[in-house]
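Worksheet for the structure shown next.
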Amino acid sequence: MPLADSDGTSIYYERHGSGPAILFVHGSGGHHAAWWQQVAALREEFTVVTVDLRGFGKSDSSMPDFDGQDFPGDVVAVLDQEDLTDAMLVGQSIGSVAALRAGLLRPERVGSVVLGHSLGGISHPELKELAAADRAEAVKLPVIDRLLTKRFQQERADLTFLFQQMGTFNVAKMADLRNLDTNGPSLEDIEASGVKVAFLAGEKDAVLSVKTVTRAHELTPGSHLEIVPDAPHSMYWETPEKYNAAVARLRRTLTAQKEAA
Numbered sequence: 006m007p008l009a010d011s012d013g014t015s016i017y018y019e020r021h022g023s024g025p026a027i028l029f030v031h032g033s034g035g036h037h038a039a040w041w042q043q044v045a046a047l048r049e050e051f052t053v054v055t056v057d058l059r060g061f062g063k064s065d066s067s068m069p070d071f072d073g074q075d076f077p078g079d080v081v082a083v084l085d086q087e088d089l090t091d092a093m094l095v096g097q098s099i100g101s102v103a104a105l106r107a108g109l110l111r112p113e114r115v116g117s118v119v120l121g122h123s124l125g126g127i128s129h130p131e132l133k134e135l136a137a138a139d140r141a142e143a144v145k146l147p148v149i150d151r152l153l154t155k156r157f158q159q160e161r162a163d164l165t166f167l168f169q170q171m172g173t174f175n176v177a178k179m180a181d182l183r184n185l186d187t188n189g190p191s192l193e194d195i196e197a198s199g200v201k202v203a204f205l206a207g208e209k210d211a212v213l214s215v216k217t218v219t220r221a222h223e224l225t226p227g228s229h230l231e232i233v234p235d236a237p238h239s240m241y242w243e244t245p246e247k248y249n250a251a252v253a254r255l256r257r258t259l260t261a262q263k264e265a266a
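Numbering (this note's numbering), first residue to last: 6 to 266.
Next comes the structure, spelled out in structure tokens:
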């Protein structure tokens, strides 16, 4: 069983396939197995790494409480253990915050970070205001309606049920991740690191609006933007073909950019 040591905490991860590396960082209800539709689709062309943050899945969950500020170190531990270079970190929702911070901690190992359905905790007054307004609308909805479309819930009751069951394997909860946003990186920090940033969002995301993500892209020098039509917040689960295509496209594009430079 592959384990990485993150300051004395055992972090579970898996490595599949070969080629340019993509490391997925789950959100508050996920863990390594949530990426089953991505691993199967991408491992023929890429090295696909999935990880369980502490308190999630098969990683150490024995501590009495969890500090979201430790999560980026869990990702770094896996990067170091596998000796990855020019990796692309792909975060999902709050996992994007951990991914961005890990990338800034190890720019020699991380070439790019994809902020999936998230602003990555970037510290910027305008973006914080826009994200807060989006959250104020999102909390009016039942949690499942924020994450998956009603049509998907009706047509795929089986996958909706499995989606909800995924979180039952975790000890850590959303509240344990919230302080990840504290003291986030500035746009200047990101630019100075040399790490490329891409924003990946769904047109039907009920948590973070396209308008907000587009503005973040405009403010972040050299960033990329992928807006996927008809996709919700949990696009990786509901519309995996579109999500996988976008991730593969970003990996190829960002790799080509680095080679050209």
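Idealized CB from N, CA, C, for every residue including glycine. Bear in mind the structure is a predicted one, so any value in this text is a computation, not a measurement.
Residue i versus residue j: straight-line alpha-carbon distance, rounded
i: His229; j: Leu146; result: 30 Å
i: Leu105; j: Gln158; result: 31 Å
i: Asp72; j: Leu89; result: 25 Å
i: Gly199; j: Phe174; result: 36 Å
i: Lys201; j: Gly227; result: 7 Å
i: Trp41; j: Ala26; result: 17 Å
i: His31; j: Ala39; result: 8 Å
i: Arg161; j: Tyr241; result: 15 Å
i: Leu205; j: Gln43; result: 15 Å
i: Arg276; j: Ala103; result: Nothing about residue 276 can be read from this structure; the chain reaches only from 6 to 266.
i: Leu255; j: Ser67; result: 37 Å
i: Ser239; j: Ala250; result: 15 Å
i: Glu50; j: Val215; result: 30 Å
i: Asp79; j: Thr154; result: 31 Å
i: Asp10; j: Glu87; result: 12 Å
i: Val144; j: Met179; result: 14 Å
i: Pro69; j: Pro7; result: 24 Å
Three-state secondary structure assigned by DSSP to residue i
i: His229; result: strand
i: Lys201; result: strand
i: Ile127; result: coil
i: Val81; result: helix
i: Ile195; result: helix
i: Glu19; result: strand
i: Val176; result: coil
i: Ala236; result: coil
i: Leu8; result: strand
i: Thr101; result: Checking the sequence, you will find Ser at residue 101 rather than Thr. If DSSP states are grouped into helix, strand and coil, Ser101 belongs with the helices.
i: Gly2; result: What the structure shows of the chain is the stretch from 6 to 266, and residue 2 is not part of that stretch, so it cannot be assessed.
i: Phe29; result: strand
i: Leu58; result: coil
i: Leu213; result: coil
i: Thr165; result: helix
i: Val148; result: helix
i: Leu120; result: strand
i: Leu259; result: helix
i: Leu185; result: helix
i: Leu135; result: helix
i: Met93; result: strand
i: Gly207; result: strand
Proximity winner among the options, relative to residue i (alpha-carbon distances)
i: Asp150; options: Ser191, Leu89, Asp210 and Leu167; result: Asp210
i: Phe166; options: Glu243, Leu47 and Gly207; result: Glu243
i: Leu224; options: Ser64, Leu132 and Arg257; result: Leu132
i: Ile195; options: Ser15, Ala107 and Leu47; result: Ala107
i: Val148; options: Pro237, Val102 and His36; result: Pro237
i: Glu193; options: Leu47, Lys178, Leu109 and Val212; result: Leu109
i: Gln169; options: Asp10, Lys247 and His36; result: His36
i: Thr258; options: Asp70, Pro69 and Val119; result: Val119
i: Phe114; options: Met171, Ser66, Asp181 and Asp85; result: The question names Phe, yet the displayed sequence has Arg at residue 114. Nearest C-alpha to Arg114: Asp85.
i: Ala203; options: Ser101, Arg156 and Asn184; result: Ser101
i: Ala141; options: Ser191, Lys155, Leu213 and Leu164; result: Leu213
i: Glu246; options: Asp70, Arg156 and Ala45; result: Ala45
i: Ser15; options: Asp235, Lys63, Ala143 and Leu47; result: Lys63
i: Asp75; options: Ile232, Ala177, Ala197 and Glu231; result: Ala177
i: Asn184; options: Pro77, Gly24, Arg48 and Pro7; result: Pro77
i: Asn188; options: Pro130, Asp70, Ala197 and Leu135; result: Pro130
i: Ser98; options: Leu164, Leu152 and Arg156; result: Leu152
i: Leu135; options: Ile232, Gly24, Thr219 and Leu8; result: Thr219
Residue i: CB within 6 Å of a non-hydrogen atom of the ligand FMN
i: Lys209; result: Among the components modelled here there is no ligand, and therefore nothing to report on the ligand FMN.
Expected contact under 8 Å - CB spacing of residue i and residue j to nearest Å
i: Ser117; j: Met93; result: 5 Å
i: Leu124; j: Ala221; result: 5 Å
i: Asp139; j: Thr217; result: 6 Å
i: Leu28; j: Val83; result: 7 Å
i: Gly60; j: Asp181; result: 6 Å
i: Gly34; j: Gly172; result: 4 Å
i: Asp186; j: Gly96; result: At roughly 13 Å, the Cβ-Cβ gap does not stay under 8 Å, so Asp186 and Gly96 are not in contact.
i: Glu208; j: Pro190; result: So it is not a contact: roughly 27 Å between Cβ atoms.
field: Segment contact flag, the stretch 9 to 26 with the stretch 44 to 58, C-beta cutoff 8 Å, min 3 pairs
entry: yes
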